[in-house]
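Notes for the one structure printed next.
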Amino acid sequence: MTPMLSVVDLVKHYPAPGGKSVLALDGVSFSLARGEIFGIVGESGCGKSTLARTLMRLATASSGRILYEGEDVMAARGRALKRLRGEIQMVFQDPFGSLNPRHTIERIIGEPLVVHNRPGRAARVRELLDLIGLPQSAASRLPHQFSGGQRQRIAIARALALSPKIIIADEAVSALDVSIQSQIINLLAQLRRDLGLAIIFISHDLSVVRHLSDRIGVMYFGRFVEQASAADLFATPRHPYTRALISAVPKLPGAAGGPCGKRIVLSGDVPNLAHRPGGCLFHPRCYIAQDRCQKDVPPLAATRPDKPDWLSACHYADEIDGLVAETASENR
Ligand code: SF4
16 MTPMLSVVDL VKHYPAPGGK SVLALDGVSF SLARGEIFGI VGESGCGKST
66 LARTLMRLAT ASSGRILYEG EDVMAARGRA LKRLRGEIQM VFQDPFGSLN
116 PRHTIERIIG EPLVVHNRPG RAARVRELLD LIGLPQSAAS RLPHQFSGGQ
166 RQRIAIARAL ALSPKIIIAD EAVSALDVSI QSQIINLLAQ LRRDLGLAII
216 FISHDLSVVR HLSDRIGVMY FGRFVEQASA ADLFATPRHP YTRALISAVP
266 KLPGAAGGPC GKRIVLSGDV PNLAHRPGGC LFHPRCYIAQ DRCQKDVPPL
316 AATRPDKPDW LSACHYADEI DGLVAETASE NR
């Protein structure tokens with residue numbers, strides 16, 4: 016399938032005190048097909064939100080390429096950039112903070128139409144309210160008159176106003192109660208079905224990502240350490256970090272990733288972007304690390320000839336089951 020969006024070797028440095036710089040994205044590559052949902056998961060500070068902001072051109076990449084339908088997103092200026100911003104829209108975590116409390120819902124949802132000089136705002140807002148499951152009467156009301164879940168629906172309607180092809184949802188359900196989370200996830204799944212939308216769904220919560228995603232990328236320390244179909248990733252994760260994340264969600268059927276099916280509790284510090292270890296970035300916390308891991312950086316590469324899209328950044332992806340079992344028996 017030809018990708019709609021291709022991200023190639025994206026790097027983002029941030030300036031840090033003392034004239035130093037922090038590497039927030041370290042050679043990130045992935046692709047997104049038309050109508051696909053790609054989930055991105057990882058701990059807080061792993062670079063997920065920086066990636067989202069860079070894709071939206073809210074932050075400038077230090078190097079790398081972003082191609083949308085073959086067009087260079089990073090080189091776009093003026094009208095070309097404005098058009099691209101209509102094609103790729105974002106939904107943020109905080110549904111209240113992202114809506115102006117003094118504006119009516121019609122004005123909020125219709126704002127992108129005004130910015131892009133599109134006619135027929137009132138009719139389009141009515142259509143969008145239908146699409147996200149709110150009554151037409153919502154148009155004249157203010158954000159504080161709605162619940163958190165309804166406000167997130169309104170934020171989604173605004174993101175849809177210009178009929179984008181891609182939505183980037185950055186922790187879009189994290190601030191909501193679990194029952195409301197599933198309603199918003201169902202809405203996103205329905206929008207994908209009805210509109211053919213592609214979605215980049217970013218969350219720290221693996222169970223949430225799993226419900227919605229066709230494929231999942233696991234980020235650690237500004238890099239992807241594994242990318243696979245949701246089914247493969249949960250059935251037999253091939254990176255120790257992915258296994259640890261899955262094992263921490265015991266209610267999942269694929270939760271038996273740890274030694275003897277137990278939860279894998281990672282030791283060592285949560286990564287600090289300012290202090291990068293050498294070799295494999297995960298080695299200080301890896302429960303199956305070998306000598307080589309301290310010096311050789313594992314590339315993100317296909318490790319199964321029958322599944323070329325399944326990528327893992329671990330020298331021992333092929334031997335992971337044996338090494339995990341060995342660790343378990345040593346610890347007994
Ligand atoms: Fe662990 Fe080594 Fe694999 Fe890195 S390369 S994840 S340290 S086993």
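Here the sequence shown is numbered in this note's numbering, starting from 16 and rising by one per residue.
Don't be surprised by glycine CBs; every beta carbon is placed ideally from N, CA and C.
Residue from H330, A304, A213 whose Cα sits closest to the Cα of A316: H330
Contact set for Q165: own chain, Cβ-Cβ below 7 Å, skip 5 residues either direction: L149
Extent of the continuous beta strand (DSSP E) to which Q242 belongs: Note, Q242: beta strand (DSSP E), 238–244.
C-beta atoms of E241 and S218 nearer than 8 Å: no
Proximal residues to R238 (C-beta, below 6 Å), its chain only, five neighbours per side dropped: D41
H298 Cβ short of 7 Å to the ligand SF4 heavy atom set: yes
Straight-line gap, S59 to Y29 (C-alpha atoms, nearest Å): 17 Å
D247 to M71 span [Cα, whole Å]: Per the coordinates, the alpha-carbon of D247 lies some 29 Å from the alpha-carbon of M71.
Proximal residues to R319 (C-beta, below 7 Å), its chain only, five neighbours per side dropped: Cβ-Cβ distances below 7 Å link R319 to W325 in the same chain, with the five nearest sequence neighbours on each side left out; the list follows chain order.
Range of the contiguous beta strand (DSSP E) that encloses G54: 52–56
Contact check, R98 vs A213, beta carbons under 8 Å: no
Pair within 8 Å by beta-carbon distance, I350 and G54: The shown model of the chain, from 16 to 347, leaves out residue 350, and the question about it has no answer.
Option in R278, P323, A245, R92 with minimal Cα separation from A343: R278
Three-state secondary structure assigned by DSSP to P30: strand
Segment contact, 8 Å Cβ cut-off, at least three pairs: the region 24–39 with the region 197–217: With fewer than three CB-CB distances shorter than 8 Å, the region 24–39 does not count as touching the region 197–217.
Spatial neighbours of C61 in its chain, beta-carbon cut-off 8 Å, leaving aside the 5 residues before and after: M234, Y235, F236, G237, P286
Enclosing beta strand (DSSP E) for A48 [first to last residue]: 35–48
Terminal residues of the alpha helix (DSSP H) in which L350 lies: Beyond the ends of the chain as shown, which are 16 and 347, falls residue 350; an answer cannot be given.
Burial state of L73, where buried means 16 or more other Cβ atoms lie within 10 Å: exposed
Range covered by the alpha helix (DSSP H) that runs through G79: For G79, there is no enclosing alpha helix (DSSP H); the enclosing beta strand (DSSP E) has its first and last residue at 78–83.
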